[in-house]
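Counting in numbering that gives the first Met the number 0, the sequence shown runs from 0 upward without gaps.
Idealized CB from N, CA, C, for every residue including glycine.
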Amino acid sequence: MTWWLWLGDGYLDVGVLLMAVALDAVLPEPPSVLHPVVWMGRLTSLLEQFSPRSGRVLPFLAGVSIAIVVPSVFGGAVWWLALGLREFGSVAYILGTAVLLKTTFTVKGLSRAALKTGRALESGDLEEARQNLKSLVSRDTKTLTAPLMASAAVESVAENITDSYIGPWLAFGLLGLPGAFGYRALNTLDSMLGYHGCYEYLGKASARLDDLANLVAARLSALLMVVAGAMMRLPVGQGWERMWKEHNKTESPNAGWTMSTMAGLLGVALEKPEHYRLGEGLREPVPGDIRRAVMVNYAASVPGVMVTAGLLMARQMLAN
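If you want it as structure tokens, here you go:
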């Protein structure tokens, strides 16, 4: 058994990637009962219920175990599935693996919620905008002004370029389908456990591993956004400058890269009160900026697919 059987076939996986992107464009998300990310959440919840909460060492060790078990379970499961699909031929492998890969990313998913927020703001319905915004951000939306709600939506679109598709694609390009599922599992763990408070030590390993998984992906995403900005004739020089000067203003070591780039490309200030303000000196965002941010999101996916396909081809050449 050669080593590429673990990673998959690079040539076929280019077809898998393109098919998965096409499926994401035309199909809705699968129902919860069939969605692997939902299963990841259920397994995480089950393991969390049996994990210690008091003290530091035991919760931390339990968190390390969870951070190893959940990605390993799902990464191993899809490896066996993909290996089985290979027995039915290339077409079955491409179609079946594309369906699996599609569940680990979305280009359009959060953009729809962001656009709903933008439409509500444009119509002056702040309460509806606040309700829509709750699906995008975890911050309290009750006291946010219209510019701050527009800012939050733009920030969410920018940050999720990494989480929603560039991160899983990069993991797929480097480590095949198991890598994409491992990435999504870590991302799910971070969203469920990687917070302060009662999960301070239980979620520490998940949060740090998620930061590590996005270390390259976030920076690549920012560069792809600059390319997207050039495609859209946005001020790429300003985007580049804000990226380098302001990427370290956020608590997250990764989120600031894409958010500061978006601030520069759109020429707006993005602010989370009492936490950070990116694009200092630029104008306040308006609802139309949400639509422009979504267009940057879509445009960045084009070079993103090309980079991922290049990684898959390079992986195949190294295997031969």
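Leaving aside the five residues that flank residue 259 on each side, the residues in its chain whose CB is nearer than 6 angstroms to its CB run, in chain order, 241, 242, 245, 246 and 277.
One alpha carbon belongs to residue 271, the other to residue 10, and they sit about 44 angstroms apart.
Apart from sequence neighbours up to five positions away, the residues of its chain that approach residue 181 with a beta-carbon distance below 6 angstroms are 70 and 74, ordered along the chain. Membership of residue 273 in any alpha helix (DSSP H) is not indicated, and neither H nor E is assigned to it by DSSP. A direct Cα-Cα distance of roughly 39 angstroms separates residue 177 from residue 266. Excluding the 5 residues flanking it on each side, residue 159 has same chain C-beta neighbours closer than 6 angstroms at 109, in chain order.
According to the DSSP secondary-structure assignment, residue 267 is paired through a beta bridge with 282. Secondary-structure assignment with DSSP links residue 277 through a beta bridge to 269.
In this structure, DSSP gives residue 101 a helical state, which the three-state scheme calls helix.
The DSSP-derived three-state label of residue 246 is helix. Listed in chain order, the non-local C-beta contacts of residue 204 below 8 angstroms within the same chain comprise 59, 62, 63, 65 and 66, local neighbours out to five positions each way being set aside. DSSP places residue 182 inside the alpha helix (DSSP H), whose first and last residues are 166-192.
With a contact defined as Cβ atoms closer than 8 angstroms, residue 104 and residue 163 qualify at about 6 angstroms. When rounded, the separation of the alpha-carbon atoms in residue 106 and residue 142 is 30 angstroms. Apart from the 5 residues on each side of it in sequence, residue 311 sits with its Cβ closer than 6 angstroms to the Cβ of 9, 12, 13 and 172 in its chain, given in chain order.
The C-beta distance from residue 304 to residue 100 rounds to 12 angstroms, too long to fall under 8 angstroms, and the pair is not in contact.
Counting C-beta pairs closer than 8 angstroms gives three or more between the region 148-157 and the region 283-294, which meets the contact rule. The Cβ-Cβ distance between residue 50 and residue 201 falls below 8 angstroms. Leaving aside the five residues that flank residue 282 on each side, the residues in its chain whose CB is nearer than 8 angstroms to its CB run, in chain order, 266, 267 and 268.
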